[in-house]
Structure formats: structure tokens, C-alpha cells
Amino acid sequence: MKIASIDIGTNAIKSKIFKTTPTSIEFIEGIRSPIRLGSNVFKEGYLKKNKLNELVKTLKKYQNNFNKNHIKMYEIVATSAFRDTQNSEDARRYVENKIEHPIRIISGLEEAKLI
């Protein structure tokens, strides 16, 4: 079975695909798209619509890649760019509605554990 993940970071969006068996996990493919979400957050305190639309476009590209690879199970997590913005919940809902998939905003502690 193949599974995947998407990490919405401050500087880049990263997608990873893995092949799993009952005894192993094998990395198959990774894609990185540097869209710099954090540039707005740290300067102005919120995510702008143009950056959210760029994020949606990137996430849909990743979802299309998942479909081509017959991947049904994947998780999308967002880190500091979503966690530290004034419009975090509105931005998350906007993107979720466009891509029709939930996004989980993770804490700094959880982010550190995943790295």
C-alpha cells in the first residue's frame, strides 16, 4: 500500500510518498515547492489571499500526483505559518474547502517531534 504526507511549512510545501508493507516503509518520492507562506505572516501577521491561492494550486498538484499513484490515505499538516497567523482558522477553512481535505495545524512541540 502507498501512503503520503504533505507538510505546509513557512518556506515550502513538501509532499512525500511511501510504500508500506507489514514490516517496512520505503520512501518513494518527494516534492518541494518553495512558496514562502511565512513572508506575509511574519511581516503583516496574516496569510494573504494570493498566498492561499498559490497554496491551493500547489496542494491540488500534489493531490493529482497522489491520484496517479493510487494513494487514498494521506495527511496534510501545517506548521508555523498557519499556527502564528491572526487569520489561522479562516485560512485553514478556506484552503480545506478548496482542496476538499482536512488540514491539521500542529503545535511547535509536535513539529519538533516529527523532525
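Just so you know, numbering that gives the first Met the number 0 puts 42 at position 43 of the sequence shown, and the rest follows in order with no gaps. Cβ atoms here follow ideal geometry from the backbone N, Cα and C, with glycine treated the same way.
query, result
"Cβ of S87 within 9 Å of Cβ of G107?", "no"
"Decide if A77 is buried, meaning its Cβ has at least 16 other Cβ atoms within 10 Å, or exposed.", "buried"
"Taking the alpha carbon of K42 as the point to measure from, which residue in I24, V94, I75 and D83 has its own alpha carbon closest?", "D83"
"CB-CB under 7 Å to V55, same chain, minus the five flanking residues each way: which ones, in chain order?", "V94, K97 and I98"
"Determine which residues share a DSSP beta bridge with I98 and list them.", "Looking at the DSSP assignment, I98 forms no beta bridge with any residue, so it has no partner."
"Please identify the residue among G29, E109 and G44 whose C-alpha is closest to the C-alpha of K60.", "G29"
"Quick one: Cα of L46 to Cα of F81, how far?", "8 Å"
"Helix, strand or coil for T9, going by three-state DSSP, please let me know.", "coil"
"Using a threshold of 9 Å, state whether the C-beta atoms of N64 and K50 are closer than that.", "no"
"Per DSSP, what kind of secondary structure is S87 in: helix, strand or coil?", "helix"
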